[in-house]
Each structure stands twice: as C-alpha cells, then as structure tokens.
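Numbering of the sequence shown is given in the numbering used here, commencing with residue 2 and proceeding in unit increments. Heads up, the beta-carbon is just placed ideally off N, CA and C, and yes, glycines get one too. Just so it is clear, the structure is predicted and the values come from calculations on it, not from any experiment.
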Amino acid sequence: MAMSGLVSNRNFGHFIGSGILCRGEKAILHHRGERSSVAVVHGNIVKPISVSPNGRQLILLSLHHSDKSHRVYPQQRSKGSFACCSFSSSLPGGWLEADDKDKIVESRTSAFYKSEEYDITEVKLDSLPSPDKTNEAILVERDIPLWQRFPKRWVIVLLCFAAFLLCNMDRVNMSIAILPMSKEFNWNSATVGLIQSSFFWGYLLTQVLGGIWADKIGGKLVLGFGVVWWSVATILTPIAAKIGLPFLLIMRAFMGIGEGVAMPAMNNLLSKWIPVSERSRSLALVYSGMYLGSVTGLAFSPILIHKFGWPSVFYSFGSLGSIWFALWLRKAYSSPEEDPELSKEEKKLIMGGSISKEPVKVIPWRLILSKAPVWALIISHFCHNWGTFILLTWMPTYYNQVLKFNLTESGLLCVLPWLTMAAFANIGGWIADTLVSRGLSITAVRKIMQSIGFLGPAFFLTQLSYVRTPAMAVLCMACSQGSDAFSQSGLYSNHQDIGPRYAGVLLGLSNTAGVLAGVFGTAATGYILQRGSWDDVFKVSVALYIIGTLVWNLFSTGEKILD
C-alpha cells in the first residue's frame, strides 16, 4: 500500500504521516482491511489520526511557515517551504523514523521516499495548527486501489468457491475415467454403479460430524482438513484401482470422508461472515463453484485421458488442493472476530445481525428434530439429490450409450448443463436477495425458488422421452439442470434462515438424507438399466421431484425457529 506526503527540506524530522512529526517522534502507519490509520508517537504520547475508508485515503502532512490554506501540486517546488515525498508499506503496519535518511533520496529542494507504486496528482491543504506552532498540516486525498477495498467477507466466499470448484473436479473425473477403466478391468454396469456409489459411503459418514465439528471448533479448520484429505485420496485412486476393486472402493469412500465435511463447514463459515441481505447470492456463488468444477472436470478429463491415460486426471486434479490450502491458511478465519485485518465498518455490518457468533457447546438434538421445517429440509434434500446425483454420475454414460457420443464428445457435452447451473444459480441468488430487500417475506422467497428448482427439472426430464435428436436431448438436460440451480436460493439457503447458530449441523442432517439419495439412486440406476431403460430412471426422479415440491410448500419456513 502506498501513501504519499510532503517533508520539509529544512530537516527530515518534520516528516509526518498525520499531524506534525518532529525529531524524536515516530509516524505509525497501520493498514487494516478497508481502513487505514496513522498516529504520531512522541515519548509516551500517541496522537492517532483517522483515515477515511470508502475508497478515499486522507493523509495529513506538514508544511513549513504557511499561514493560509491553498492548493499545491507535487511537481511544484517552493523554495524553503516544502518538498515532495512518497513512501509505501506492504505490511499491515510499519514505522518510519525521523532519522531514516537511508530510505530517502535527497535533492536540493525536495526529498523522495523510494516508491514507484503511485504518484500523487493533487494535494489539498487545510489549515491545522501543529504542536510547535510553526507549521500547518496538509491533507492529501487519493484513491485506494480496488483490491485493497475488496470486502473481506467476499474473500471468504471466493475461497469457499474455489474449494467447491476442486470438490467437484475431483468427484466428476471418475464419471469420465470410469469408461476406459471399465474396459481395462472388465467391469459390468452393476460394478460401475457400485464404484460410483462407494464415494457416498464415506461422504455419508461425515455430514453430521462435519457440521458438529464446524459449529464447535470453526469452519476454517474443518474445511481445510476436508480439502487436504480428499486431495490425497484423489491422487491415490489410480494406485488403489490397480491393486484391486476392494481397494478402489475403500479409496473412493475415503475421498467421500473428506468431501463430506465441505458443505457443513462452508455453511458454518457463511452463517458467521455473511449478512442476511447477501445470503442467497453468496451461497449461489459458492455452489456455482461446484457446477464450474463439474464443467472443468468434464472438459479436461477427456483431454488428459486421451494424451496421458486415465490415471493422469487423478494426479493432476488432486495436486491442486495444495495450492488452495496455502491460500486458505493465510487468508481465512472462522469468524469476523478472529480476523485482525477486518475493518471496523465491515465488522459492524457483519455483526449487526441477530446471529450469535458464540461457538456452539451443546447441540439441542431433541429441539431440532421436533421442528416440522427441519424435516421439510431433510425430505426435500433427499428428493432433490436423487435426480441431481444421477445426472452428475451417469450423464456421460447416457450420452455414450443412448446418444452415441464418443468419450470426448460425452465429456464436452456434459459441460453444458453444468454451465447452465452455474449461470442460473447466481441469477437465482440475485433475484432472491432482491425480492427479500423489496419486502417479500423470506418464507415466500424460499418457496418460490425451490418450487422452480423442483418442477423445472421434473418437466424437462419428462421431455427426454419424446425428443428424437441428440441436440434436443442435450438442451433438455441443460434446461433441467439450469432450473435445478434455483434450489441454491431455496432449500440450500434455508438452513441459515431457520437456525443460523446450528447452520452446520442442519446442513449435515439434510445433506445426510441427500447423500443417501446419492447412494441408493446411483446404485439403483445401474440395476434399473440392467432390467429397464433410461425412461424408467427419469420417471423415478420426476416422482421424487413432485413429492419434494409438496412437502416443501406445506411445511417449510424462512423464519428463525432455533436460537
């Protein structure tokens, strides 16, 4: 961060960051989030000066022997009156002492502190008496760079987005790699379904546990653990497959253990970092990371398999987790209160809601399970995930067997529905937050968005029985997934509505039901295809979508029911 100022060419002791700095004094430069502050220290006396946020930085500087306010420019040189200086600091805080002459390049009429980051274009002067009555202070105003003003809560959102991007990249690569793997190891459809569902064995185990851990010890540790765990399991998958089928099933289950904590931990983090007015769009952005992860995985997996063989997708995708983890350790905090760089303004905005930021010590299970809206969440999540996970894991096979696309075409065309989901999840999030801000009740907004998320996919899946061209089939898939994405502003936002303190546990509970749908649905699809057709697979999904719609509209609420 660069700050700029003026020093007297009479001596360097009159350089100040705000107020007048005499010899023996120190200027403390402190940068915190969107806000910067400067103080002058003389002996045991500290004179703090506030620096304005909101994109404009105000710095007070000294001017010798001036008795009126006026405007000057740094390029100007007034003999015996002032000189120009700029300095920078990349640290959260720093010291510049009056005798730091080695840091300053001196000329006859001016002195420049070494920095090439910014140039001041204008200096505004206002009268302000100095402590020694000989100087006045100069007010410098300039823009703070956008990256320094970016809200910290959205840094957390973007890091969660990146984690979910990796999550689905590492998950869907198997749906592409399974095709050459099944040929190499001579697996039938039932075995393929077993392998695909084995991921959910581990995924199921850590849903509720992940929520409890996140609510008790914080989402940062839990999500960080999850990403490292599943990344290692991804890298070890080819080795396990070559050893034998049982080892592959165990490794896929291990991978599920790591990914199982991701959603509860993320939900816990966002319940602490995001105000209710931004809830839908922040969750939509994070979940769109999952969809874009599917896009990335499905697009690049065929290319890597074609050039380097199927093991390459597991090695390359798994190794990306180490990069994310390094950023996560540096930038993330479990709550706003733990972040030393968070500005007071942003903390006030985040903490202004009614959500308690205290860690959960005891989970009130009896109270939670006695609430009808909680069961509406659980049942609806099951109905939703049955169709979603079938499409996630079996779509490449459907394109290959029914639409007769080759491996590369299957992977590339699978990208379209997930791109649609990524786009419509964020559109739905903005629509939902806009409706809430305009006075529509949260309950009504959640019911509208989730009804679209259920009935849209149900309608477009029924159309697959009537289409006659591959292009129309792909279009129906894309429209089905696009409307499904409105669920991110429906049931996936509802955990934080009804019980923000227990958001991790609530999502763990409902997603356990969703995982069971993934386990049974993915495995059942393999058996259905051995005895029936893809039409039968889609009919089951449509029936569950309709059941979910009825349960959600009868029993869900957007009001807080758990304190």
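Length of the line joining the Cα atoms of residue i and residue j
i: residue 546; j: residue 343; result: 43 Å
i: residue 553; j: residue 377; result: 6 Å
i: residue 239; j: residue 233; result: 12 Å
i: residue 198; j: residue 520; result: 5 Å
i: residue 326; j: residue 271; result: 18 Å
i: residue 273; j: residue 365; result: 19 Å
i: residue 193; j: residue 427; result: 33 Å
i: residue 558; j: residue 154; result: 26 Å
i: residue 551; j: residue 381; result: 9 Å
i: residue 263; j: residue 308; result: 32 Å
i: residue 429; j: residue 449; result: 11 Å
i: residue 434; j: residue 302; result: 36 Å
i: residue 523; j: residue 421; result: 22 Å
i: residue 373; j: residue 242; result: 44 Å
i: residue 501; j: residue 445; result: 19 Å
i: residue 351; j: residue 457; result: 34 Å
i: residue 549; j: residue 447; result: 13 Å
i: residue 544; j: residue 345; result: 50 Å
i: residue 237; j: residue 245; result: 13 Å
i: residue 181; j: residue 323; result: 28 Å
i: residue 361; j: residue 300; result: 41 Å
i: residue 247; j: residue 564; result: 45 Å
i: residue 38; j: residue 349; result: Unreliable placement is indicated for residue 38, whose pLDDT of 48 sits below 50; the coordinate value is still reported in the next sentence. Computed Cα separation, rounded: 17 Å.
i: residue 560; j: residue 205; result: 28 Å
i: residue 379; j: residue 363; result: 21 Å
i: residue 468; j: residue 482; result: 17 Å
i: residue 556; j: residue 369; result: 15 Å
i: residue 341; j: residue 171; result: 33 Å
i: residue 503; j: residue 425; result: 28 Å
i: residue 90; j: residue 367; result: Note that residue 90 scores 37 on pLDDT, short of 50, meaning its location in the model is unreliable; the coordinates nonetheless yield the value given after this. In a straight line, the C-alpha of residue 90 is about 54 Å away from that of residue 367.
Cut-off 6 Å between Cβ atoms - residues of its own chain near residue i, not counting five sequence neighbours on either side
i: residue 505; result: 212, 215, 216, 265, 268 and 269
i: residue 250; result: 199
i: residue 471; result: 404
i: residue 335; result: 219, 220 and 221
i: residue 230; result: 259
i: residue 423; result: 289, 292 and 293
i: residue 455; result: 546, 549 and 550
i: residue 282; result: 430, 431 and 434
Contact set for residue i: own chain, Cβ-Cβ below 7 Å, skip 5 residues either direction
i: residue 122; result: Caution is warranted here: a pLDDT of 35 is assigned to residue 122, below 50, making its placement in the model unreliable, and the coordinate value is therefore given only provisionally. Within the same chain, residue 122 has no close Cβ partners at all.
i: residue 208; result: 261, 265, 509, 512, 513 and 516
i: residue 465; result: 474, 477 and 539
i: residue 156; result: 332
i: residue 542; result: 387, 388, 391 and 462
i: residue 453; result: 484 and 487
i: residue 562; result: 372, 374, 499 and 500
i: residue 252; result: 234, 237, 238 and 241
i: residue 178; result: 302, 306, 311 and 314
i: residue 383; result: 514, 515, 517 and 518
i: residue 414; result: 400, 406 and 475
Residues of its chain near residue i, where Cβ-Cβ distance is below 8 Å and the 5 sequence neighbours each way are ignored
i: residue 313; result: 305 and 306
i: residue 353; result: 276
i: residue 278; result: 434, 437 and 438
i: residue 569; result: Here the chain has residues from 2 to 564 only, and residue 569 is not among them.
i: residue 186; result: 242 and 246
Nearest-angstrom Cβ-Cβ length linking residue i and residue j, presumed shorter than 8 Å
i: residue 296; j: residue 416; result: 5 Å
i: residue 530; j: residue 190; result: 6 Å
i: residue 255; j: residue 294; result: Contact doesn't hold; Cβ gap of about 19 Å is too wide.
i: residue 406; j: residue 174; result: In fact, because the Cβ distance is near 18 Å, the residues do not count as touching under 8 Å.
i: residue 321; j: residue 167; result: 6 Å
i: residue 385; j: residue 492; result: 7 Å
i: residue 176; j: residue 394; result: 5 Å
i: residue 418; j: residue 459; result: Residue 418 to residue 459, Cβ: 15 Å. No contact.
i: residue 280; j: residue 494; result: 6 Å
i: residue 298; j: residue 169; result: 6 Å
Within-8 Å CB hit, residue i to chain D
i: residue 260; result: The structure shown has no chain D; it contains just one protein chain.
Residue i CB to nearest heavy atom of the ligand MN below 7 Å
i: residue 186; result: By its list of ligands, the structure shown contains no ligand whatsoever, and the ligand MN lies outside what it can speak to.
With contact counted as at least three CB pairs below 8 Å, one residue from each stretch, are the stretch 483–495 and the stretch 284–295 in contact?
yes
contact_flag[the stretch 382–402, the stretch 534–551] where n(CB pairs < 8 Å) is 3 or more
yes
Ignoring anything shorter than 3 residues, give me the beta strand (DSSP E) runs that lie fully in the stretch 260–309, in order along the chain.
none
Report yes or no: do the stretch 159–167 and the stretch 222–230 share at least 3 C-beta pairs separated by less than 8 Å?
yes
Any alpha helix (DSSP H) of 4 or more consecutive residues that is wholly inside the stretch 438–477:
443–464
In chain order, each alpha helix (DSSP H) run of at least 4 residues that lies wholly inside the stretch 312–345
312–332
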